[in-house]
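*Asks:*
Number of protein chains: 2
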Amino acid sequence: MVKTAEAGGKRPKVSAKEAPAFSSRVIKFGEDEPLKLDCGEEIAPLEIAYQTYGTLNRDRSNAIYICHALTGDQHVASDHPATKRPGWWTLMVGPGKPIDTNRYFVICANVVGGCMGTTGPSTLNPKTGKPHGIELPVITIADMVRAQAMLLDKLEIPDLFCVIGGSMGGMQVLQWAVDYPSRVFTAVPIATAAKHSSQNIAFHEVGRQAIVADNDWLGGEYLNHDTNPRKGLAVARMAAHITYLSDGALQRKFGRNLQDRDVITYGFDADFQVESYLRYQGSTFVDRFDANSYLYMTRAMDYFDLAGDHGGVLANAFSGTTTRFCIVSFTSDWLFPTEGNREIVHALNAVAADVSFVEIETDHGHDSFLLETTEMFATISGFLTAAARRRGLD
Amino acid sequence: MVKTAEAGGKRPKVSAKEAPAFSSRVIKFGEDEPLKLDCGEEIAPLEIAYQTYGTLNRDRSNAIYICHALTGDQHVASDHPATKRPGWWTLMVGPGKPIDTNRYFVICANVVGGCMGTTGPSTLNPKTGKPHGIELPVITIADMVRAQAMLLDKLEIPDLFCVIGGSMGGMQVLQWAVDYPSRVFTAVPIATAAKHSSQNIAFHEVGRQAIVADNDWLGGEYLNHDTNPRKGLAVARMAAHITYLSDGALQRKFGRNLQDRDVITYGFDADFQVESYLRYQGSTFVDRFDANSYLYMTRAMDYFDLAGDHGGVLANAFSGTTTRFCIVSFTSDWLFPTEGNREIVHALNAVAADVSFVEIETDHGHDSFLLETTEMFATISGFLTAAARRRGLD
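Chains U and B supply the protein sequences, listed in that same order.
Okay, so the first sequence: first residue is 1 according to our numbering, each after it adds one.
Okay, so the second sequence: first residue is 1001 according to our numbering, each after it adds one.
1. Can you tell which of U/Glu359, U/Gly255 and U/Thr298 has the C-alpha that lies nearest to the C-alpha of U/Arg237?
2. Taking 8 Å as the CB-CB cut-off, is B/Met1297 touching chain U?
3. Taking only the alpha-carbon atoms, compute the straight-line gap between U/Leu37 and U/Gln175 and give it to the nearest angstrom.
4. Let me know the secondary structure DSSP gives U/Val274 once reduced to three states.
5. Determine whether the beta carbon atoms of B/Asn1316 and B/Ile1327 lie at a separation below 8 Å.
6. Apply the 10 Å Cβ neighbour rule to B/Ala1021 and answer buried if 16 or more other Cβ atoms are within range, or exposed otherwise.
7. Can you list the alpha helix (DSSP H) stretches of 4 or more residues lying completely in the segment 284-308 of chain U, in chain order?
8. How would you list, in chain order, the residues of chain U whose beta-carbon sits under 8 Å from the beta-carbon of B/Ser1182?
9. Return the residue from the list U/Thr52, U/Phe254 and U/Asn224 that minimises the CA-CA distance to U/Ile134.
10. Would you call U/Leu182 buried or exposed, if buried means 16 or more other Cβ atoms sit within 10 Å of its Cβ?
11. Determine the closest residue to B/Phe1357 out of B/Phe1325, B/Asp1059 and B/Leu1370, with distance taken between C-alpha atoms.
12. What are the start and end residues of the alpha helix (DSSP H) that includes U/Ala193?
13. Quick check: the segment 240-253 of chain U against the segment 357-371 of chain U, are there 3 or more CB pairs under 8 Å?
14. Is there a Cβ of chain B sitting closer than 8 Å to that of U/Lys195, yes or no?
15. Any beta carbon from chain U within less than 8 Å of B/Arg1261's own beta carbon?
16. Starting from B/Phe1377, trace the alpha helix (DSSP H) both ways and give me its first and last residue.
17. Sorted by chain position, which residues of the same chain lie with C-beta nearer than 8 Å to B/Ala1210's C-beta, five sequence neighbours on each side aside?
18. Helix, strand or coil: how does DSSP classify B/Ala1063 here?
19. What residues from the segment 1208-1219 of chain B come within 9 Å of chain U, judged by C-beta to C-beta, listed N to C?
20. Using a Cβ-Cβ cutoff of less than 7 Å, which residues in the same chain neighbour B/Thr1119 once the five nearest sequence positions on both sides are dropped?
21. For the alpha helix (DSSP H) containing B/Gln1175, name the first residue and the last one.
22. Is there a Cβ of chain U sitting closer than 8 Å to that of B/Asp1305, yes or no?
23. Ends of the beta strand (DSSP E) at U/Leu46?
24. Assuming U/Phe318 and U/Ala353 form a contact by the criterion Cβ under 8 Å, report the distance between their Cβ atoms to the nearest whole angstrom.
25. Using a Cβ cut-off of 8 Å (strictly closer), state whether U/Leu384 contacts chain B.
26. Verify the CB distance criterion: does U/Ile380 have a CB-CB separation below 8 Å to chain B?
27. On the DSSP bridge assignment, give the partners of B/Glu1359 in chain order.
28. Rounding to the nearest angstrom, what Cα-Cα distance links B/Ala1347 and B/Gly1312 in this structure?
29. What are the start and end residues of the alpha helix (DSSP H) that includes B/Arg1256?
30. Suppose the cutoff is 7 Å on Cβ atoms and the five residues either side in sequence are ignored; what does the same chain contact list for B/Tyr1180 look like?
31. Give the range of the beta strand (DSSP E) segment to which U/Arg25 is assigned.
32. Which residues mark the beginning and the end of the alpha helix (DSSP H) in which U/Val106 is found?
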């Protein structure tokens, strides 16, 4: 049930149930409500696991949809059920935070293809009684967003005050603005791009090859054999994790410092702190993420190309938009460099859209959008406050 | 035998034999001539496989030593015996080329720990009758250079007109200048650094973890069981290969072009050219390179820290040097950025060394030193010609 300020509302009850394993609400779409995919196939039945924070106002006009990144999930501002750690955007979302849950109703769902309760490779296919595995059709960013729109329909939220997210989340934000322009009042894509670059596809392919090279991947059937390609997934995460940081941040944080030793050991142990850190990142990741989901998420990003979907001209994608955009990039982000964010700005300018753009000076790399970044908080807080005034949310 | 211009020379014959498997000359150092390693251990016996090009002059003063990079070898300017492809620096080395074999006598040996004929993890340990495997002590850049100096002693080449190399080769060049200053007339370190960065250690660790994660690695004993961690080594190569290029070069070369298809397949095949290219790089690499050698080579680079070896002050390493340096970097090289090369220049300036520095504008990334780079050729050709005049080689 959607928590609203409307006492005893007349709207029909939605089919939401608690899914204790993920501490999330889950909405189920039946065989008669298939999710139509870009590849031409359908997913039905479909489950979407989601979290909400704050209260939906009487006008149902204060909803902010947060789109999560590749390895994120719906646990934005509450503890993660597997790791017990705080949600991934507690700095941004909460009472008095830039996305103020005293003012806004925040929704975030695990994307289709994910592994935190929404239908994905690791969830059971009711038709076979086994996990979907890699029999699940390949998912695109547009598919993810289409599922999110179906969720909002169920929740009877006609439109969104804001759609916001970083990285793969930013791709979804752009897709929302393109596919559902009338449902998006403001859009905040952060540290993203309108298409995945050649270098980024290359890094994703390395991660996928690391997973499928693991003997325990078993052609994607590992869940049926009680195994897990832990080593391959850890290597994929390690490679990706380097791309989320920056040369400068690694130098500042670790440099050539040794790990719990005074001298090098002339061996292959983790002599250096940066090695120890990376190994830890790899080993903890496999406890919370599904290897097949990693294949699907990376593929969705690789396939993302908004201009390609609109005759090769990005501006065409945004033609006639009335959404207000706030685009944020970070100087040291070499995975989604400012240049790619600026391309979006130029496309929006070409269709005379309402767009503001901020490049934030930081050495934290791509991960900056998840970190304590005062300038980003101030930017987004200010943008939302002004937009709320326009929308009469004061 | 060293080929010299000296007819019927009186110098003692060196113990050089043809090693048909590698088409290289091999010099063997006996039990009484151990290679002393930084780790405190020794390697004896030791074999060094090398190639020469051109003719040593009467004064034995025209020798250029080329130091190869991580996955390079001694086949600089002649066909590679395994791949049958031209040597890795045929653009730079040969008659009339910048390193002109009509004027200079060129030597390049496979480094210790390598896998092209010099003692390394894949060569037989005569004491056990089995490959050394990871029982071989860990090798440093200084160990490689010490072995090269032993080779030159055998060849009775007292000093070098030039030591030159890129990347890991550049590290050896710097180490030569520091450890044997009187034997190095000129030094040309290209696209390198005086220490391996935190980010570079991190990328190397990913590669190593990919190898040891492969079930066929067998704790490093794979050669004793007729297996080969092909998949792990291929993943390591793929990850590393991305770092040798640049975002711009990948964009220009591959962009989001599809491989032999008109539309995406909604699957995990290599839809994109860049994926196909990377997979090819991985699969061909494992045919010519030993996985354990990859561990040793990457570790040698990680451990490289010239300043660390000299009280934390890089300039101390070069104190009193009379070597002439020519340092070359590339604008798009993000693995060994210009900044790291400039640190070497600053250290040399601090000891009033003779140094010239050129940063070359190119989008080819780190691999630029292996490619057709007109400005690099002109720079090195000019530098060597001027130095040859000073040394009376005209």
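All C-beta atoms in this analysis are idealised placements derived from N, C-alpha and C, irrespective of residue type, glycine included.
*Replies:* Taking the definition as stated:
1. On the first sequence, position 237 is the one that residue 237 of chain U refers to. Here the closest residue by C-alpha is U/Thr298.
2. Residue numbering aside, residue 1297 of chain B sits at position 297 when the second sequence is read from its first letter. No, because no Cβ of chain U sits closer than 8 Å to the Cβ of B/Met1297.
3. Start at 1 with the first residue of the first sequence, and residue 37 of chain U comes out as number 37. Start at 1 with the first residue of the first sequence, and residue 175 of chain U comes out as number 175. Approximately 14 Å, taken between the alpha carbons.
4. The sequence position of residue 274 of chain U within the first sequence is 274, counting from 1. U/Val274 falls in the helix class under three-state DSSP.
5. Stepping through the second sequence from its first residue, residue 1316 of chain B is reached at position 316. Stepping through the second sequence from its first residue, residue 1327 of chain B is reached at position 327. At least 8 Å separates the beta-carbon of B/Asn1316 from that of B/Ile1327.
6. Position 21 of the second sequence holds residue 1021 of chain B. Residue confidence is low: B/Ala1021 scores 42 on pLDDT, short of 50, so the model does not pin down where it sits. No coordinate-derived value is stated.
7. 291-303
8. Residue 1182 of chain B sits at position 182 when you count from the first residue of the second sequence. Annotation: B/Ser1182 has no Cβ neighbours in chain U at a cutoff of 8 Å; minimum Cβ distance is about 29 Å.
9. The residue you call residue 134 of chain U lines up with position 134 of the first sequence. Ranking the options by Cα distance to U/Ile134, first place goes to U/Asn224.
10. Residue 182 of chain U sits at position 182 when you count from the first residue of the first sequence. It should be pointed out that residue 182 of chain U corresponds to Ser in this sequence rather than to Leu. Exposed: under 16 other Cβ atoms inside 10 Å.
11. Here residue 1357 of chain B is taken as the residue at index 357 of the second sequence, counted from 1. Out of B/Phe1325, B/Asp1059 and B/Leu1370, B/Phe1325 has the C-alpha closest to the C-alpha of B/Phe1357.
12. If you number the first sequence from 1, residue 193 of chain U lands on position 193. Unbroken run through U/Ala193: none, as it is neither H nor E.
13. Counting Cβ pairs under 8 Å, three or more are found: they touch.
14. Residue 195 of chain U sits at position 195 when you count from the first residue of the first sequence. Cβ-Cβ to chain B under 8 Å: yes for U/Lys195.
15. By one-based count along the second sequence, residue 1261 of chain B stands at place 261. By this cut-off, B/Arg1261 is not an interface position.
16. Position 377 of the second sequence, counted from the first residue, corresponds to residue 1377 of chain B. Counting along the chain, the alpha helix (DSSP H) containing B/Phe1377 begins and ends at Thr1374 to Arg1390.
17. Counting from 1 along the second sequence, the entry for residue 1210 of chain B is found at position 210. Gly1232, Leu1233, Val1235, Ala1236 and Ala1239, listed in sequence order.
18. By 1-based counting over the second sequence, the position of residue 1063 of chain B is 63. Of the three classes helix, strand and coil, the one that applies to B/Ala1063 here is strand, per DSSP.
19. Of all residues in the segment 1208-1219 of chain B, Arg1208, Gln1209, Ala1210, Val1212, Ala1213, Asp1214, Asn1215 and Asp1216 have a Cβ within less than 9 Å of some Cβ in chain U.
20. For the purposes of this step, residue 1119 of chain B is taken as residue 119 along the second sequence, with counting starting at 1. Once the five neighbours on either side are set aside, the close Cβ partners of B/Thr1119 are Ile1043, Leu1046, Glu1047 and Val1112.
21. Indexing the second sequence from 1 puts residue 1175 of chain B at position 175. Element bounds for B/Gln1175: Met1168 to Asp1179.
22. If you number the second sequence from 1, residue 1305 of chain B lands on position 305. Chain U contact via Cβ: present.
23. To locate residue 46 of chain U, count along the first sequence from 1; it is residue 46. Counting along the chain, the beta strand (DSSP E) containing U/Leu46 begins and ends at Leu46 to Tyr53.
24. In the first sequence, the residue the question calls residue 318 of chain U occupies position 318. In the first sequence, the residue the question calls residue 353 of chain U occupies position 353. Contact holds; Cβ gap of about 6 Å.
25. Within the first sequence, residue 384 of chain U is the residue found at index 384, counting from 1. U/Leu384 has a beta carbon lying at 8 Å or more from every beta carbon in chain B.
26. If you number the first sequence from 1, residue 380 of chain U lands on position 380. For U/Ile380, the nearest beta carbon of chain B is not closer than 8 Å to its own beta carbon.
27. The sequence position of residue 1359 of chain B within the second sequence is 359, counting from 1. Per DSSP, B/Ser1329.
28. What you label residue 1347 of chain B is simply residue 347 of the second sequence in a count that begins at 1. What you label residue 1312 of chain B is simply residue 312 of the second sequence in a count that begins at 1. Cα to Cα, B/Ala1347 sits roughly 12 Å from B/Gly1312.
29. Walking along the second sequence from the start, residue 1256 of chain B turns up at place 256. First-last for B/Arg1256: undefined, no H or E at that position.
30. Stepping through the second sequence from its first residue, residue 1180 of chain B is reached at position 180. Closer than 7 Å at Cβ, skipping near neighbours: Ala1149.
31. Residue mapping note: residue 25 of chain U aligns to position 25 of the first sequence, counting from 1. Residues Ser24 to Phe29.
32. Sequence index remark: in the first sequence, residue 106 of chain U carries index 106 (1-based). Not the alpha helix (DSSP H): U/Val106 falls in the beta strand (DSSP E), residues Phe105 to Ala109.
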